[in-house]
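When you read off a place in the sequence shown, starting at 1, and then add 15, the result is the number in our numbering.
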Amino acid sequence: MSKLIAPSVLAADFANLQRDIEMVNNSDADWFHIDVMDGVFVPNISFGMPVISAIKKHAKKTLDVHLMIVNPDQYIPTFKEIGADILTVHYEACTHLHRTLQAIKAEGMKAGVALNPHTPISVLEDVIKNIDMVCIMSVNPGFGGQSFIENTYKKVQQLKNLIAFSEADTLIEIDGGVTDKNANQLIEAGADVLVAGSYVFGAENPTETIANLKSLVN
Ligand code: DX5
Ligand code: ZN
C-alpha cells in the first residue's frame, strides 16, 4: 500500500478555509486530518461540529477526525452525521475502549486510537485486532507546531511488531512535528500515514510541499 499524507487542517488559514481545503483537494495529499480539542482533555480549544460540516461541504478526500476530548462516546453518531470517515479517540480518554471502538464501527466509520507520548504500546495488546488505525502522538496533543519527540521511532517499531504478531490489519499514523527530516525514518520504522500541519500550511508552496513529502515516502 502506498504511504499516506494527511495535512492537518489545524494549521490552515481559518479565514480562508475553503481555499485551503481546495488546495488539499488538488494536491497529492490523501486525507484531511481534523483536530478537535475541548480545552479539558488538552489545554486548547480548536473547533467543533459546524466547522467540520463546512469542511465536509468542500472536501473531496477522506476525513480523518482526531478527537482530543473527554467522553468521546457521546458524540460518535454526530461525527458520523457530519462526515467523519475515520474517528480516532484517545486511549487516555476512554474507560471502556473496547465498547467505544464497537460504537464507532457500528456507525460505519473506521475506528482509531491515539496514544499520548507517555503511553506505552503494550496497553493496546488486547484490543489491537479491533483497531483500524493507531495514531502515535509524536508531540503532546493540544498544539500544532511543536517539535518531534524522538522516542516515537521506537514506539512505531513496537507497534509494527504487535500488529504482525497479532495478525491485525491496523494502520500506523504519526501525528506531530512531521517534516521531510523525519518522514523517511518513520516510514522505515513502519508508519503508514503521516500527519503534517505547520510543515505543510506554513510552507511557501503547500501543494509542492505535499508533493515532495508524498514522493519522499513512496
Ligand atoms: C496536535 C494535533 C496535530 C497537529 C499537528 O495536538 O493532533 O494533528 O495539528 O501539527 P504539526 O504538524 O504542526 O505538529
Ligand atoms: Zn491530530
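Backbone N, C-alpha and C define an ideal beta-carbon position, used for all residues, glycine too. Computed from a predicted model, the values in this text were never measured in an experiment.
Query                                                                                   : Result
Rounded C-alpha distance that separates L78 from G98                                    : 7 Å
Rounded separation between P132 and K18 - CA only                                       : 22 Å
Check: S42 C-beta below 7 Å from any heavy atom of ligand 1                             : no
C-beta contact flag for S230 and G191 at 8 Å                                            : no
Cβ-heavy atom distance, Q117 to ligand 1, below 7 Å                                     : no
Proximity of G127 and I101 at Cβ, strictly below 8 Å                                    : yes
Whole-Å CB distance - I189 paired with A206, under 8 Å assumed                          : 5 Å
DSSP state of D202 mapped onto helix, strand, coil                                      : Correcting the residue type first, residue 202 is Ile in the shown sequence and not Asp. Helix.
Residues near I36 by beta carbon distance below 7 Å, same chain, minus five either side : I70, H73, A74
Cross-strand partners of E219 (DSSP beta bridge)                                        : DSSP lists no partner for E219.
Same chain, Cβ closer than 7 Å to D88, neighbours up to 5 away in sequence not counted  : T115, A118
Residue(s) in a DSSP beta bridge with I67                                               : Bridge partners of I67: none, in fact.
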